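Take a look at the structure set out below.
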Amino acid sequence: MKDARSGRIILLAHCLLNQNSVVMGLAKRKGPVEELLQLVLREGIGIVQLPCPETGYYGLRRFWAVREQFDNPGFRNYCEKLASEIRDLVREYIRNGYDVIGVIGISGSPSCGVTESGSSENWIGPPYEAKEYDKVKKSGIFIEELRKKLGDLKFEEWDWREVEDSLSKIENLMKKD
Numbered sequence: 035m036k037d038a039r040s041g042r043i044i045l046l047a048h049c050l051l052n053q054n055s056v057v058m059g060l061a062k063r064k065g066p067v068e069e070l071l072q073l074v075l076r077e078g079i080g081i082v083q084l085p086c087p088e089t090g091y092y093g094l095r096r097f098w099a100v101r102e103q104f105d106n107p108g109f110r111n112y113c114e115k116l117a118s119e120i121r122d123l124v125r126e127y128i129r130n131g132y133d134v135i136g137v138i139g140i141s142g143s144p145s146c147g148v149t150e151s152g153s154s155e156n157w158i159g160p161p162y163e164a165k166e167y168d169k170v171k172k173s174g175i176f177i178e179e180l181r182k183k184l185g186d187l188k189f190e191e192w193d194w195r196e197v198e199d200s201l202s203k204i205e206n207l208m209k210k211d
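Quick note on the working numbering: the sequence shown kicks off at 35 and runs consecutively.
Quick look at the structure:
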């Protein structure tokens with residue numbers, strides 16, 4: 035690079051930089067996840083904020099959801115279109131010599147979970163009748179579509195149950211090979 039830029043980029047789930055997009059009742063911070071933001075800033079890595087497919091498709095006044103509710107043709111098609119745009123952006127960075135470190139999703143998210151997502155066959159009908167849901171070892175719908183488009187890019191996830199472990203895993207991902 036011929037100026038101050040690091041030439042390194044990381045893709046972050048939208049809500050890691052904007053907790054205001056999270057479904058009501060689940061936000062853990064007022065704005066960004068400061069611990070993660072501090073790590074990325076300290077490493078001098080550029081940030082690409084992924085779009086929030088849930089907010090874009092369902093809006094802010096949505097109920098909590100599980101992957102079965104989002105695993106439908108309309109939402110998948112929407113996520114596939116978003117993933118295509120991200121793929122094109124990533125290709126442009128790579129074509130110009132940038133190191134695209136990877137994608138950081140959200141553990142348990144029905145859209146952005148990397149290794150697990152919330153799941154229940156019983157979440158149908160009146161929301162007040164919904165019971166607890168399980169975490170299954172499946173990516174969320176948006177991450178599934180991103181994986182199809184981004185090939186061998188590395189994926190890691192932020193887990194609110196394990197903040198320090200999440201920071202450690204993401205920091206390891208940022209280390210140059």
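Backbone N, C-alpha and C define an ideal beta-carbon position, used for all residues, glycine too.
Quick caveat, the model's predicted, so the values are computed rather than measured.
Can you grab the Cα-Cα spacing for the pair residue i / residue j, in whole Å?
i, j, result
"residue 80", "residue 105", "31 Å"
"residue 172", "residue 130", "33 Å"
"residue 133", "residue 156", "43 Å"
"residue 62", "residue 55", "11 Å"
"residue 113", "residue 160", "26 Å"
"residue 126", "residue 120", "10 Å"
"residue 59", "residue 204", "26 Å"
"residue 39", "residue 123", "17 Å"
What does the Cβ neighbour count give for residue i, buried or exposed, with the cut at 16 atoms within 10 Å?
i, result
"residue 66", "buried"
"residue 72", "exposed"
"residue 93", "exposed"
"residue 128", "exposed"
"residue 97", "exposed"
Are the CB atoms of residue j and residue i within a distance shorter than 8 Å?
i, j, result
"residue 50", "residue 137", "no"
"residue 149", "residue 102", "no"
"residue 207", "residue 135", "yes"
"residue 117", "residue 179", "yes"
| message | Does the contact criterion of 3 or more C-beta pairs under 8 Å hold for the segment 161 to 172 versus the segment 186 to 202? | response | With the cut-off at 8 Å, the segment 161 to 172 and the segment 186 to 202 do not touch.
| query | What residue ranges within the segment 140 to 172 form continuous beta strand (DSSP E) runs of no fewer than 3 residues, ordered along the chain? | reply | Counting only runs of 3 or more, we get 151 to 153 and 168 to 170.
| field | Sequence ranges, alpha helix (DSSP H) only - wholly within the segment 82 to 129, length at least 4 | value | You should have 87 to 92, 101 to 104 and 107 to 129.
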